[in-house]
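This is the structure we're talking about:
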């Protein structure tokens, strides 16, 4: 019996849009040791090679997108570690994200699942005021002292494991949102090196405004005038990962317009995931004749602060930071943007800091956007694997450069009972400047 028409259409789209990319895989297996899900589970279907096999079979109509098939595809973290390892140049990230967009309309989701997905992706993340309202209970939870009391008293042990995990991952939400401050723009200090814009994002704007403020201070200290366009919005990375490409394109258009009006040379993004997404805008809006050129310009201008600071002679930090530190590579900085040495060079410039190696620093910690919410069991296993390496390094400081990684690692060291601080790279630099 022939498959139903919707399945035939899905198979045809997979083959037409992704078939050539999938065919580039020569099944050599070099990606296996770079894939966190394969390393942890040891199953072929949970490796990049195995998932490409599944997508090829779907495109050829030999299998259907059953719940089991979709589960193997969903377990992918989108970390792009396989792309770094691949000798054939397979653009695995583009393939898996494209496949999710094609398969999404045919998925069977519960009413509650569809409602939560719509609320998060299409209502909250693109709207700053609604997101602020959603974050308010977390702000009250911390400011009232309830969070500290709940953790000290052991009351959290009375909650179901799922709620305990969510509480552990919740951000501290200190101070007002970054974009709520009317004085976010800052002139350069000393000799002027350039004019840059800062991308504030959505969740990070509310959950980690202190990282943005530290970034502005560090850039100004190094001669950069910093402007923050008010019209910017969510980057759309979570939408692309979830297969909601249409919403991601709408958000991209708003950001392209906002930063085109800023008149800057570079756009600095201190979230590795957001930075990788902005660098993909050229591909995301390639079919938009009105904005394609501007999208390419924004993609070229997007830069991680460590890269910008490493391009010219760094204003040397003067305050000693006598700590033993490890640097954990954010996947979308290392694998998606190819940035690894620059953060380490900045860390080595901090007086008193001892930077020691971290085993498997290139392997995902399990955060991966909202992976630790949608796939909590495997995310927990990957986090514990990472924390064991941190403990083995005898570090008392972990440095990274992505908000999701910060939350994931903080939850991990707290669970393990380690006296370890987890900070963003620019926060540590700001501390070393002593401003």
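In our numbering, the protein residues as written are 1 to 435.
Don't be surprised by glycine CBs; every beta carbon is placed ideally from N, CA and C.
For clarity, every value in this text was computed on a predicted model and none was experimentally measured.
| query | Taking the alpha-carbon positions, what's the residue 432 to residue 317 distance? | reply | 5 Å
| How would you label residue 33, buried or exposed, when you count the other beta carbons within 10 angstroms and need 16 or more for buried? | exposed
| Which residues DSSP lists as bridging residue 325, in chain order | 355 and 397
| task | Report, in whole angstroms, the separation of the C-beta atoms of residue 96 and residue 51, which I expect to be a contact under 8 Å. | result | 7 Å
| Got a sec? Which residues, its chain only, sit under 6 Å from residue 27 by beta carbon, not counting five neighbours each side? | 49
| request: Find out if the Cβ-Cβ distance for the pair residue 273, residue 104 is shorter than 7 Å. | output: no
| Where residue 8 and residue 171 are concerned, what is the direct C-alpha to C-alpha distance, given to the nearest angstrom? | 44 Å
| query | Under 6 Å from any heavy atom of the ligand MG, does the C-beta of residue 190 make it? | reply | The ligand MG is not part of the structure shown, which contains no ligands of any sort.
| By DSSP, does residue 1 sit in helix, in strand, or in coil? | In this prediction, residue 1 has a pLDDT of 43, which is less than 50 and means its spatial position is unreliable; what the coordinates show is noted afterwards. Three-state result, residue 1: coil.
| field | DSSP three-state assignment for residue 59, whether helix, strand or coil | value | helix
| task | Starting from the N-terminal side, write out each stretch of the alpha helix (DSSP H) that is 4 residues or longer and does not extend beyond the segment 397-422. | result | 403-416
| query | Taking the alpha-carbon positions, what's the residue 2 to residue 200 distance? | reply | Note on residue 2: pLDDT 47, under 50, position unreliable in the model; no value is reported.
| Cβ neighbours of residue 355 in the same chain (closer than 8 Å, five flanking residues each side left out) | 325, 326, 327, 344, 347 and 348
| task | State the beta-bridge partners of residue 224 as determined by DSSP. | result | 194
| task | List the whole-angstrom C-beta distance separating residue 131 from residue 411, where the pair is believed to meet the contact cut-off of C-beta under 8 Å. | result | That pair is no contact at about 21 Å.
| request: Indicate whether residue 126 and residue 77 have their beta-carbon atoms separated by less than 7 Å. | output: no
| Using the C-alpha atoms, what's the distance from residue 292 back to residue 419? | 49 Å
| With burial defined as no fewer than 16 other Cβ atoms inside 10 Å of the residue's Cβ, what is the status of residue 6: buried or exposed? | exposed
| query | Using DSSP with H/G/I as helix, E/B as strand and the rest coil, what is residue 37? | reply | helix
| query | Excluding sequence positions up to five away, which residues of its chain have a Cβ less than 6 Å from the Cβ of residue 47? | reply | 32, 35 and 38
| Are residue 266 and residue 301 close, meaning C-beta to C-beta below 7 Å? | yes
| query | Which partner residues does residue 267 have in the DSSP bridge list? | reply | 197 and 302
| Which residue or residues does DSSP assign as beta-bridge partners of residue 319? | In the DSSP output, where bridge partners are listed per residue, residue 319 has none listed.
| Whole-Å CB distance - residue 122 paired with residue 247, under 8 Å assumed | 6 Å
| Rounded to a whole number of angstroms, what is the C-alpha to C-alpha distance between residue 312 and residue 424? | 21 Å
| message | Please identify the residue among 261, 388 and 358 whose C-alpha is closest to the C-alpha of residue 416. | response | 388
| query | How long is the line joining the alpha carbons of residue 377 and residue 385, rounded to whole angstroms? | reply | 13 Å
| Is residue 335 helix, strand or coil when you go by DSSP? | coil
| field | Coil, strand or helix - residue 424 by DSSP | value | strand
| query | Between residue 139 and residue 173, what straight-line distance do the alpha-carbon atoms span, to the nearest angstrom? | reply | 5 Å
| Going by DSSP, what residues sit across from residue 186 in a beta bridge? | 226
| Can you tell me where the alpha helix (DSSP H) with residue 274 in it begins and where it stops? | 272-278
| Based on Cα-Cα distance, which residue from 434, 119, 156 and 163 lies nearest to residue 321? | 434
| Ends of the alpha helix (DSSP H) at residue 349? | Per DSSP, residue 349 belongs to no alpha helix (DSSP H) and is neither H nor E.
| Near residue 162, which residues of its chain fall below 8 Å by C-beta distance, leaving aside the five closest residues on each side in sequence? | 376
| task | Rounded to whole angstroms, what's the CA-CA distance from residue 19 to residue 106? Just pull it up for me. | result | 19 Å
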